[in-house]
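What follows is a set of notes on a single structure, which appears directly below.
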Amino acid sequence: MNSTLPAQGVNILILILLAALFCWAVYAAVRKARRGGGCCGEHEETEAKTSVKDRKKAHYPYELSIKIGGMTCENCARKVENALNSLDGVWATVSIDSHTARIRSKSVPNEQALRQAVRNAGYIPMD
Numbered sequence: 162m163n164s165t166l167p168a169q170g171v172n173i174l175i176l177i178l179l180a181a182l183f184c185w186a187v188y189a190a191v192r193k194a195r196r197g198g199g200c201c202g203e204h205e206e207t208e209a210k211t212s213v214k215d216r217k218k219a220h221y222p223y224e225l226s227i228k229i230g231g232m233t234c235e236n237c238a239r240k241v242e243n244a245l246n247s248l249d250g251v252w253a254t255v256s257i258d259s260h261t262a263r264i265r266s267k268s269v270p271n272e273q274a275l276r277q278a279v280r281n282a283g284y285i286p287m288d
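Heads up, the final residue of the sequence shown is numbered 288 in the numbering used here, and it's a clean run with no missing numbers.
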């Protein structure tokens, strides 16, 4: 009886499993590259930036900064920035490096509404 036949079958099975694992890894890498990277880009599309129509700084006499917790990538910062910029009379820029939102406002800022917009985006306004 030849004992090399079962060993060859096991080797072939291992090669098939390794090939399947390799194909899955390539598929996952391509999918992640297409959908965006970072912590929150794996399962959702990369957030498109919301532009502020009025970008003249002189129209925004009030300024406020809010520290923000929970952001870990540029997509997170973009989500917070978009949430703030969707408010009327607000122009915000968010820095992932300093975890801070710099907010300009055309009228006296409603800090509670700004903080709520950050919460609604899924992040934590810090004191």
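Virtual Cβ for every residue (Gly too), placed ideally from N, Cα, C.
Sort out for me which residues DSSP pairs residue i with in a bridge.
| i | result |
| --- | --- |
| A262 | I227 and V255 |
| P167 | BP columns for P167 are empty, so no partner. |
| I285 | G230 |
Please go through the same chain and pick out, in chain order, the residues whose beta-carbon is closer than 6 Å to the beta-carbon of residue i, but skip the five residues on each side of it.
| i | result |
| --- | --- |
| E242 | A253 and V255 |
| K217 | none |
| I227 | A262 and P286 |
| L225 | I264 and P270 |
Please work out which residues of its chain come closer than 7 Å, Cβ to Cβ, to residue i, disregarding the five sequence neighbours upstream and downstream, and give them in chain order.
| i | result |
| --- | --- |
| M232 | A238, V241, I257, H260 and Y284 |
| H220 | K267 |
| L174 | none |
| G250 | S266, K267 and S268 |
Over the uninterrupted alpha helix (DSSP H) stretch that includes residue i, give me the two end residues.
| i | result |
| --- | --- |
| N271 | Here N271 belongs to no alpha helix (DSSP H), and DSSP marks it neither H nor E. |
| K240 | E235 to N246 |
Write down the C-beta distance between residue i and residue j rounded to the nearest angstrom, noting that I regard them as a contact closer than 8 Å.
| i | j | result |
| --- | --- | --- |
| A244 | V269 | Their Cβ separation, rounded to whole angstroms, is 20 Å, which puts A244 and V269 out of contact at 8 Å. |
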